[in-house]
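**Student:**
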Amino acid sequence: MDRYLKSSEASKLLGISSSSLWELKSTKVLEAGKHWIYVTGKPRSNVLFNIDKIRQWQIDMTKYIESPERDIEAETQISNFED
Numbered sequence: 001m002d003r004y005l006k007s008s009e010a011s012k013l014l015g016i017s018s019s020s021l022w023e024l025k026s027t028k029v030l031e032a033g034k035h036w037i038y039v040t041g042k043p044r045s046n047v048l049f050n051i052d053k054i055r056q057w058q059i060d061m062t063k064y065i066e067s068p069e070r071d072i073e074a075e076t077q078i079s080n081f082e083d
């Protein structure tokens with residue numbers, strides 16, 4: 001079962017600041033309905049963050065950043081830029 005928490009509680013468990021969490025939400029990096037929800041289902045209500053889905057996003061992003069494919073892609077872009 002997914003766990004939904006207020007930003008202050010979620011930020012502590014996820015190891016990021018509350019402001020970073022809100023920034024990820026406002027820039028739509030975190031998806032509505034997946035990573036966060038409106039408590040009442042209305043736009044002006046409180047927001048809860050799904051810490052399980054956000055933790056998985058952190059894991060996925062870490063894997064992507066550290067993937068060998070990403071390094072090859074970056075090298076290709078650099079070599080194309082130099083040409």
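For the sequence shown, the UniProt record's numbering begins at 1 and goes up steadily by one. For each residue, glycine too, the CB sits at the ideal point set by N, CA and C.
Run through DSSP, which three-state label would I37 get?
**Tutor:** The answer is strand: DSSP assigns I37 an E or B state.
**Student:** Alpha carbon to alpha carbon, how far is M1 from N46?
**Tutor:** One C-alpha to the other measures close to 21 Å.
**Student:** For a test of the three-state rule: what should DSSP assign to L5, helix, strand or coil?
**Tutor:** Three-state result, L5: strand.
**Student:** Measure from the alpha carbon of D52 to the alpha carbon of each residue in V39, G33, T40, then state which is nearest.
**Tutor:** The residue with the shortest Cα to Cα distance from D52 is G33.
**Student:** Around the Cβ of L13, are there at least 16 other Cβ atoms within 10 angstroms (buried) or fewer (exposed)?
**Tutor:** By the neighbour-count rule (16 or more Cβ atoms within 10 Å), L13 is not buried but exposed.
**Student:** From F49, Y38, I65, pick the residue whose C-alpha is nearest to that of L5; which is it?
**Tutor:** For the residues F49, Y38, I65, the minimum Cα distance to L5 belongs to F49.
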